[in-house]
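> Start counting at 1 in the sequence shown, then tack on 726, and there's your number in my numbering.
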Amino acid sequence: MVNLPPPEILLQLSLNGALGGAMYGVAAVGLSLIFGTMRLIFLAQGAMIILAAYFVRALFYGLGIDPFLSLLIVVPVGLGVGWLIYQGLFRKAAAEEDRNVSLLIAVGLMFLVQNLMTVIWGGNTAGVVTSYTASGIELFGVRTSFTRSMGFLIALAGTGLVMLFLRKTIVGKAVRAASEDMDAATLMGISPHRVNAIAFAIGISLAGAAGVAVATTFPFNPFAGFIFSLKALVALALGGIGNVTGALAGGILLGLIEAYVQFFISGGWTNAIAYGVFLAVLMFKPEGLFSRPYKKA
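(1) Go through the segment 759-807 residue by residue and report every complete run of the beta strand (DSSP E) that reaches 3 residues or more, in order.
(2) Are there 16 or more other CB atoms within 10 angstroms of the CB of G726, so buried, or fewer, so exposed?
(3) By DSSP, does V868 sit in helix, in strand, or in coil?
(4) Taking G867 as the reference, give the member of L980, P733, G1014 and G929 with the closest Cα.
(5) When you compare only the Cα positions, how much space is there between G762 and M876?
(6) Who does G862 pair with in a DSSP beta bridge?
(7) On the three-state DSSP scale, how would you describe A852?
(8) In chain order, what residues of the same chain have a beta carbon less than 7 Å from the beta carbon of F989, not counting five sequence neighbours either side?
(9) Go ahead and pull the three-state DSSP assignment for F946.
(10) For the segment 920-932 against the segment 822-842, are there 3 or more C-beta pairs whose distance is under 8 Å?
(11) Going straight from the alpha carbon of A961 to that of I983, what length do you get?
(12) Can you check which of these residues, A923, I999, A910 and L974, is closest to G806 by C-alpha distance?
(13) With the cut-off set at 8 Å, would you say V755 and A778 are in Cβ contact?
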């Protein structure tokens, strides 16, 4: 018979897993938006997150701007960078029926960003240490770090704002229509390149928001982004490809799986079991755990 730990330990595990998984979730939301319009798994999303983390670090140590206040800079910069990347690298490829071209461009961009970060900042592990880095807060009777809690709030706010944009604005409804059926949306006068550029820009801005959470919570290096891309992809599959809220839920679920596997089994099994769940979902419920079949958000 398995002896379960005390309820407060289970609550602590659940809280830590959910807070950590939210970072995967917000990255997955960006992936979901980009995939919804371009049908592209943007593997460079993790590299963009780490690039944003280095940007946050530079703002903090160079200009003294608090990492969380830097959201006011990082998110608009992410919008602009995303727009420029789409126009410069993906506009022509997005018009092609063969999505392999866009996928190869994304992989090339990932390696380019990784190596640029290595040249500029070196390959050593970096981080952001503030006066509140070691501080904690109490939630539901258990303690957690302040920075993890802020990362969770960033993920919730980012997902909520994206949902409001998609559901309450004309442009957002155009993006949703294009994600459902690009051909039909085009016949209705919606420009494919415009909605692609908008979705791509928002996706990169969410990578910027995730970069703030990563910079304040974890040590990072130029090559850490690939792991975030993989975890975001797992979260996307768990939540349902094209489902924005499902992407966040998938990230939180992935964080819970990791937390419980580390505690009950071993840290060495964490990735193996997480990727095993990923494959099982793709095999037996490819629409995701939080989506109805073929229904997009």
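Don't be surprised by glycine CBs; every beta carbon is placed ideally from N, CA and C. What you are looking at is a predicted structure, and each value in this text was computed from that prediction instead of being measured.
By the coordinates alone:
(1) Entirely contained in the segment 759-807, not one beta strand (DSSP E) run reaches 3 residues.
(2) With the chain covering 727 to 1023 only, the question about residue 726 has no answer from this structure.
(3) Locating residue 868 in the sequence shown gives position 142, counting from the first residue. Taken through DSSP and simplified to helix, strand or coil, V868 comes out as strand.
(4) Walking along the sequence shown from the start, residue 867 turns up at place 141. Ranking L980, P733, G1014 and G929 by Cα distance to G867 puts P733 first.
(5) Translated into the one-based positions of the sequence shown, residue 762 becomes position 36. Translated into the one-based positions of the sequence shown, residue 876 becomes position 150. One C-alpha to the other measures close to 28 Å.
(6) Numbered from 1 along the sequence shown, position 136 holds the residue referred to as residue 862. Beta-bridge pairing links G862 to S871.
(7) For the purposes of this step, residue 852 is identified with residue 126 of the sequence shown, where counting begins at 1. DSSP places A852 in strand when its eight states are reduced to three.
(8) Here residue 989 refers to the residue found at position 263 of the sequence shown. Result list for F989: L739, in chain order.
(9) Position 220 of the sequence shown, counting from 1, holds the residue named residue 946. Residue state, collapsed to three classes: strand.
(10) no
(11) Position 235 of the sequence shown, counting from 1, holds the residue named residue 961. Position 257 of the sequence shown, counting from 1, holds the residue named residue 983. Cα-Cα distance, rounded: 11 Å.
(12) Working through the sequence shown from its first residue, we reach residue 806 at position 80. Nearest C-alpha to G806: A923.
(13) Taking the first residue of the sequence shown as position 1, residue 755 is located at position 29. Taking the first residue of the sequence shown as position 1, residue 778 is located at position 52. No, they are not a contact pair.
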